[in-house]
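This report refers to the structure that appears directly beneath it.
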Amino acid sequence: MRITIVFILYCHSVVFCQNLVPNPSFEEINDTIGGFTNNNIEFISKIKNWTTPNAASPDLITPDFKEKYIIPPAPHSGSNMIGIQFSKKDWIECVGVALTKELIPNRTYYVEYWIRRSFCISPSNNVDQKMDDHFGILFSSDLDFIETSDGKMLTGTPQVKADTQLLITSGEWVKVSKYFTPKRKYDKLYIGQFQKEGEAPTLKKGYYVIDDVLVEELTDYRALEKGAELAIGSIIPLNNLHFVSGTTELKDIQSYELLNDLTAYLKLNPSIRIRINGHTDSEGGKKSNLSLSERRARFIAQNIIQNGISQYRIEWKGFGEEYPIADNKTDAGRSKNRRVEFEVIK
Numbered sequence: 031m032r033i034t035i036v037f038i039l040y041c042h043s044v045v046f047c048q049n050l051v052p053n054p055s056f057e058e059i060n061d062t063i064g065g066f067t068n069n070n071i072e073f074i075s076k077i078k079n080w081t082t083p084n085a086a087s088p089d090l091i092t093p094d095f096k097e098k099y100i101i102p103p104a105p106h107s108g109s110n111m112i113g114i115q116f117s118k119k120d121w122i123e124c125v126g127v128a129l130t131k132e133l134i135p136n137r138t139y140y141v142e143y144w145i146r147r148s149f150c151i152s153p154s155n156n157v158d159q160k161m162d163d164h165f166g167i168l169f170s171s172d173l174d175f176i177e178t179s180d181g182k183m184l185t186g187t188p189q190v191k192a193d194t195q196l197l198i199t200s201g202e203w204v205k206v207s208k209y210f211t212p213k214r215k216y217d218k219l220y221i222g223q224f225q226k227e228g229e230a231p232t233l234k235k236g237y238y239v240i241d242d243v244l245v246e247e248l249t250d251y252r253a254l255e256k257g258a259e260l261a262i263g264s265i266i267p268l269n270n271l272h273f274v275s276g277t278t279e280l281k282d283i284q285s286y287e288l289l290n291d292l293t294a295y296l297k298l299n300p301s302i303r304i305r306i307n308g309h310t311d312s313e314g315g316k317k318s319n320l321s322l323s324e325r326r327a328r329f330i331a332q333n334i335i336q337n338g339i340s341q342y343r344i345e346w347k348g349f350g351e352e353y354p355i356a357d358n359k360t361d362a363g364r365s366k367n368r369r370v371e372f373e374v375i376k
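In my numbering, the protein residues as written are 31 to 376.
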């Protein structure tokens with residue numbers, strides 16, 4: 031189930047984070063290519079950071095690119111983009127990149143890429159098609175392949191995929207985006223079409239271009255994009271909640287303003303149910319940390335309920351020091367681990 035979230039129009043700050051995708055617009059290259067890439071080695075040698083996980087040959091499209099079989103559009107931004115072709119029954123091109131930082135379990139990330147179909151001279155390839163659930167962004171650390179008549183195909187289910195009713199045309203760039211909360215660590219990203227044994231993708235023919243790939247951690251729920259969809263299990267931090275040490279007492283007016291914002295957020299999104307999660311660092315005893323995290327989570331939840339949100343929609347739980355997101359051996363790490371967040375539960 032996915033929850034459609036209404037953006038808070040009154041939010042007074044939007045948090046922009048580091049893009050974890052190196053060379054996201056494909057502008058950093060070692061050399062240009064005048065046409066189609068001959069093989070995977072040539073592709074890898076021409077562009078910085080990006081690779082292809084099998085023997086396929088995706089294309090680096092620069093202003094020097096000229097081919098008689100396709101007419102690529104202008105890039106979404108900058109001068110370059112990536113071209114991937116689907117032309118045979120099984121042979122499907124794919125590109126990948128190592129992230130600058132691995133994705134942390136139970137943190138929420140905003141993921142985005144832009145796609146467009148290129149005009150093809152061949153009528154059979156020059157057809158607008160809807161997306162399928164085999165195409166998108168796959169986060170992974172360990173690769174698996176299926177042997178096909180044309181070589182190896184990457185297997186898996188992409189975590190970021192478009193609505194299957196989304197039509198990809200040669201007329202305009204289309205943005206595909208999602209908020210993603212991983213349950214394990216990932217350090218690599220792949221874009222393309224993926225397959226499991228016995229499952230045949232429906233998007234088989236055509237030439238598609240990709241540009242502007244973005245992965246950034248969401249560090250403030252007030253940065254949620256308008257119309258965002260949050261899946262059950264999404265975890266959103268409530269930064270800038272400042273407690274007096276060892277208590278449930280909030281330190282400053284900014285903390286109360288954040289709670290007022292969260293209450294208004296829930297009123298604008300009446301279908302969402304959340305759980306307030308409390309966490310501590312590892313300083314002190316486990317028992318006292320668990321108790322403190324529980325009391326703080328309950329305090330936040332009760333504040334929201336007192337401000338007009340149905341008790342049915344709010345749960346709370348303390349986890350103590352059980353789920354650190356940073357190193358408890360450093361001051362900076364302990365500061366990150368002392369946190370409150372909300373989790374979408376329905």
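Glycine is no exception: its CB is placed at the ideal position from the N, C-alpha and C atoms. Just so you know, these numbers come straight off a predicted model, no measurement behind them.
Among Lys215, Asp162 and Ala327, which has the Cα closest to the Cα of threonine 194? Mapped onto the sequence shown, residue 194 falls at position 164. It is Asp162.
What's the gap between the Cα of threonine 138 and the Cα of proline 93? Looking up residue 138 in the sequence shown gives position 108. Looking up residue 93 in the sequence shown gives position 63. Near 36 angstroms, if we compare the C-alpha coordinates of proline 93 and threonine 138.
DSSP state of leucine 50, grouped into three classes? Taking the sequence shown and counting its residues from 1, one reaches residue 50 at position 20. Three-state DSSP puts leucine 50 in coil, outside helix and strand.
Straight-line Cα distance separating arginine 369 from threonine 185: Taking the first residue of the sequence shown as 1, we reach residue 185 at position 155. Taking the first residue of the sequence shown as 1, we reach residue 369 at position 339. Taking the straight line joining both Cα atoms gives about 36 angstroms.
Using a Cβ-Cβ cut-off of 8 angstroms (strictly less than) and excluding sequence neighbours within five positions of isoleucine 339, which residues of its own chain qualify? Residue mapping note: residue 339 aligns to position 309 of the sequence shown, counting from 1. Apart from sequence neighbours up to five positions away, the residues of its chain that approach isoleucine 339 with a beta-carbon distance below 8 angstroms are Thr293, Leu296 and Lys297, ordered along the chain.
So for glycine 166, helix, strand or coil by DSSP? Working through the sequence shown from its first residue, we reach residue 166 at position 136. Note: glycine 166 maps to strand in three-state DSSP.
Taking the straight line between their C-alpha atoms, what separation do you get for proline 354 and serine 109? Start at 1 with the first residue of the sequence shown, and residue 354 comes out as number 324. Start at 1 with the first residue of the sequence shown, and residue 109 comes out as number 79. Looking at the two C-alpha atoms, the distance is approximately 42 angstroms.
By Cβ distance below 7 angstroms, which residues in the same chain neighbour phenylalanine 149 in space, the five residues on each side in sequence not counted? Within the sequence shown, residue 149 is the residue found at index 119, counting from 1. Non-local C-beta neighbours of phenylalanine 149 in its own chain, meaning closer than 7 angstroms and more than five positions away in sequence, comprise Ile100, Ile101, Asn156 and Ser200, ordered along the chain.
Please state whether DSSP places asparagine 290 in a helix, a strand or coil. On the sequence shown, position 260 is the one that residue 290 refers to. The three-state reading of DSSP puts asparagine 290 in helix, counting H, G and I together.
What separation, rounded to the nearest whole angstrom, lies between the Cα atoms of valine 243 and asparagine 270? By one-based count along the sequence shown, residue 243 stands at place 213. By one-based count along the sequence shown, residue 270 stands at place 240. Going by the C-alpha atoms only, they are around 29 angstroms apart.
Out of Lys205, Glu345 and Tyr237, which has the shortest C-alpha to C-alpha gap to aspartate 89? Counted from its first residue, the sequence shown places residue 89 at position 59. Cα-wise, what sits closest to aspartate 89 is Tyr237.
Would a C-beta distance cut-off of 8 angstroms place glycine 240 and isoleucine 114 closer than the cut-off? Working through the sequence shown from its first residue, we reach residue 240 at position 210. Working through the sequence shown from its first residue, we reach residue 114 at position 84. Reading off the sequence shown, one finds isoleucine at residue 240, where the question assumed glycine. Yes, these two residues count as a Cβ contact at 8 angstroms.
Euclidean distance between Cα positions of lysine 316 and glutamate 352: As a working mapping, residue 316 is identified with position 286 in the sequence shown. As a working mapping, residue 352 is identified with position 322 in the sequence shown. Distance from the CA atom of lysine 316 to the CA atom of glutamate 352, rounded to whole angstroms, is 9 angstroms.
Cutoff 8 angstroms; reference proline 54; Cβ partners in own chain excluding five residues on either side: By 1-based counting over the sequence shown, the position of residue 54 is 24. Same-chain partners within the cutoff: Asp242, Val243 and Leu244.
Looking at the secondary structure, which residues open and close the beta strand (DSSP E) in which arginine 303 lies? In the sequence shown, residue 303 corresponds to position 273, counting from 1. No beta strand (DSSP E) contains arginine 303, which DSSP labels as neither H nor E.
Use the C-beta contact count for tyrosine 286: other C-beta atoms within 10 angstroms, 16 or more gives buried, fewer gives exposed. For the purposes of this step, residue 286 is taken as the residue at position 256 of the sequence shown. A residue is called buried once 16 or more other Cβ atoms fall within 10 Å of its Cβ, and tyrosine 286, having fewer, is exposed.
Span separating the alpha-carbon of serine 365 from that of valine 190: Locating residue 365 in the sequence shown gives position 335, counting from the first residue. Locating residue 190 in the sequence shown gives position 160, counting from the first residue. If you take the alpha carbons of serine 365 and valine 190, they lie about 31 angstroms apart.
In the DSSP assignment, the alpha helix (DSSP H) including aspartate 361 goes from what residue to what residue? Within the sequence shown, residue 361 is the residue found at index 331, counting from 1. Residue range 361 to 367 is occupied by the alpha helix (DSSP H) that includes aspartate 361.
Name the one or two DSSP bridge partners that valine 89 has. Position 59 of the sequence shown, counted from the first residue, corresponds to residue 89. First, the residue type needs correcting, since residue 89 is aspartate and not valine in the sequence shown. The beta-bridge partner set that DSSP reports for aspartate 89 consists of Gly113.
Paired residues, beta bridge with isoleucine 334 - DSSP: As a first step, residue 334 must be located in the sequence shown, where it is residue number 304. As computed with DSSP, isoleucine 334 is found in no beta bridge at all.
For a test of the three-state rule: what should DSSP assign to glutamine 380, helix, strand or coil? Beyond the ends of the chain as shown, which are 31 and 376, falls residue 380; an answer cannot be given.
Identify, in the order they occur along the chain, each residue of the same chain with its Cβ nearer than 8 angstroms to the Cβ of tryptophan 203, setting aside the five sequence neighbours on each side. Within the sequence shown, numbered from 1, the residue matching residue 203 stands at position 173. Within the same chain, tryptophan 203 has close Cβ partners Pro103, His106, Trp144, Ile145, Arg146 and Asp241.
Proximity test, asparagine 70 beta-carbon vs the ligand NAD heavy atom, cut-off 7 angstroms: Absence of the ligand NAD is noted for the structure shown, with no ligands found whatsoever.
Run through the DSSP bridge pairs and tell me what threonine 81 is partnered with. Here residue 81 is taken as the residue at index 51 of the sequence shown, counted from 1. Answer is Gly126.
Same chain only: Cβ atoms within 6 angstroms of leucine 168, ignoring 5 sequence neighbours per side: Here residue 168 corresponds to residue number 138 of the sequence shown, with the count starting at 1. Excluding positions up to five away in sequence, the list reads Gly186, Pro188, Tyr220 and Phe224.
In three-state DSSP terms, what is alanine 261? Reading the sequence shown from its first residue, position 231 is the one you call residue 261. Alanine 261: strand per DSSP, three-state reduction.
Residue(s) in a DSSP beta bridge with serine 207: As a position in the sequence shown, residue 207 is number 177, starting the count at 1. Bridge partners of serine 207: Glu142.
With distance defined between alpha-carbon atoms, name the residue in Trp346, Asn136, Gln284 and Val274 nearest to threonine 211. Residue mapping note: residue 211 aligns to position 181 of the sequence shown, counting from 1. Cα-wise, what sits closest to threonine 211 is Asn136.
Among Leu133, Ala327 and Glu279, which one has its Cα closest to the Cα of lysine 213? Looking up residue 213 in the sequence shown gives position 183. For lysine 213, the closest of Leu133, Ala327 and Glu279 by C-alpha to C-alpha distance is Leu133.
Spatial neighbours of threonine 62 within its chain, please: CB distance less than 7 angstroms, with the 5 preceding and 5 following residues excluded, ordered by chain position. As a working note, residue 62 is residue 32 in the sequence shown. Excluding the 5 residues flanking it on each side, threonine 62 has same chain C-beta neighbours closer than 7 angstroms at Thr92 and Asp94, in chain order.
Once DSSP output is grouped into helix, strand and coil, what is the label at lysine 28? Since the displayed the chain opens at 31 and closes at 376, residue 28 lies outside it and no answer follows.
Going by DSSP, which residues form a beta bridge with phenylalanine 224? By one-based count along the sequence shown, residue 224 stands at place 194. Residue pairing by DSSP places phenylalanine 224 in no beta bridge whatsoever.
Would you decide whether lysine 376 is buried or exposed? Buried here means 16 or more other CB atoms lie within 10 Å of its CB. Taking the sequence shown and counting its residues from 1, one reaches residue 376 at position 346. Exposed, because fewer than 16 other Cβ atoms sit within 10 Å of the Cβ of lysine 376.
Of the residues Gly276, Leu288, Gln336 and Ser321, which one's Cα is nearest the Cα of proline 267? Counting from one through the sequence shown, the residue named residue 267 turns up at place 237. It is Leu288 whose Cα lies nearest to the Cα of proline 267.
DSSP beta-bridge partners of leucine 268: To locate residue 268, count along the sequence shown from 1; it is residue 238. Under DSSP, leucine 268 shares a beta bridge with no residue.
Under three-state DSSP, which class holds threonine 34? Stepping through the sequence shown from its first residue, residue 34 is reached at position 4. Legend: pLDDT at threonine 34 = 44, less than 50; position of this residue unreliable, no value from coordinates given.
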